[in-house]
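Contents: one structure, followed by commentary.
Residue numbers (this note's numbering): 58 to 252.
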């Protein structure tokens with residue numbers, strides 16, 4: 058795959074199917090509702106540091122996926138289901154895109170039974186490749202709560218550099234507790250310097 062040649066023009070390609078050695082990243086479908094609900098959407102441990110609360114039913118998940126399936130048709134939406142060994146086990150997406158400044162914020166979550174298998178670094182690495190080499194983003198950012206260092210390790214493994222800690226900048230929906238947030242980012246030139 059050739060490197061994106063810059064020039065300040067992004068080529069939005071949307072949530073194309075991406076494959077790694079072990080994973081398939083693809084747009085969500087309504088039929089993923091049961092797996093998403095069972096594997097992570099209802100899990101209080103998985104959602105503890107996220108910006109949404111656990112789903113109460115598979116129907117709630119199905120309603121959300123109806124929206125996501127429609128959104129996935131847009132070329133400037135980047136949102137993937139993570140498939141591992143034929144099972145839908147997680148979610149990785151751009152939660153915010155700043156077109157003018159060619160940057161985005163990436164977020165992710167993974168079924169607890171698949172933690173510590175290297176799945177999320179593998180997924181994030183492929184998403185970064187796609188966003189820099191094919192779409193042409195300049196900067197990808199992410200953040201994690203200080204009490205969730207595993208998320209930070211995923212970012213570190215994929216080359217996102219520490220840029221600061223924002224003190225008590227997020228109130229956990231799960232507990233109401235204020236937590237510090239670590240901010241990390243990787244630039245296009247950082248990414249290609251690692252290759």
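Backbone N, C-alpha and C define an ideal beta-carbon position, used for all residues, glycine too.
Kindly list the residues whose CB is nearer than 7 Å to the CB of residue i, restricted to its own chain and excluding five residues on each side of it in sequence; keep chain order.
i           : result
residue 192 : 67, 68, 69, 70
residue 111 : 98, 99, 100, 101, 104
residue 205 : 106
Can you tell me which of the three DSSP states residue i falls into?
i           : result
residue 59  : Because residue 59 sits at a pLDDT of 39, beneath the cut-off of 50, its placement in the model cannot be relied upon, and the following sentence gives the value as read from the coordinates. In this structure, residue 59 counts as coil in the three-state DSSP scheme.
residue 87  : helix
residue 72  : coil
residue 235 : strand
residue 249 : helix
residue 114 : coil
residue 103 : helix
residue 188 : helix
residue 170 : helix
residue 66  : coil
residue 198 : strand
residue 253 : Because the chain in this structure spans residues 58 to 252, residue 253 falls outside the shown range and cannot be described.
Grab me the residues of residue i's own chain with a C-beta within less than 6 Å of its C-beta, minus the 5 sequence neighbours each way, in chain order.
i           : result
residue 133 : 69
residue 212 : 199, 241
residue 230 : 110
residue 244 : 196
Can you check DSSP and say which residues form a bridge with residue i?
i           : result
residue 219 : 241
residue 165 : 149
Cutting at 8 Å between CB atoms, please list the residues of its own chain near residue i, excluding the five before and the five after it.
i           : result
residue 222 : 203, 237, 238, 239, 240
Contact between the stretch 115 to 129 and the stretch 157 to 165: three or more CB pairs below 8 Å?
At 8 Å Cβ cutoff, the stretches do not touch.
With contact counted as at least three CB pairs below 8 Å, one residue from each stretch, are the stretch 96 to 110 and the stretch 173 to 180 in contact?
No: fewer than three Cβ pairs fall under 8 Å.
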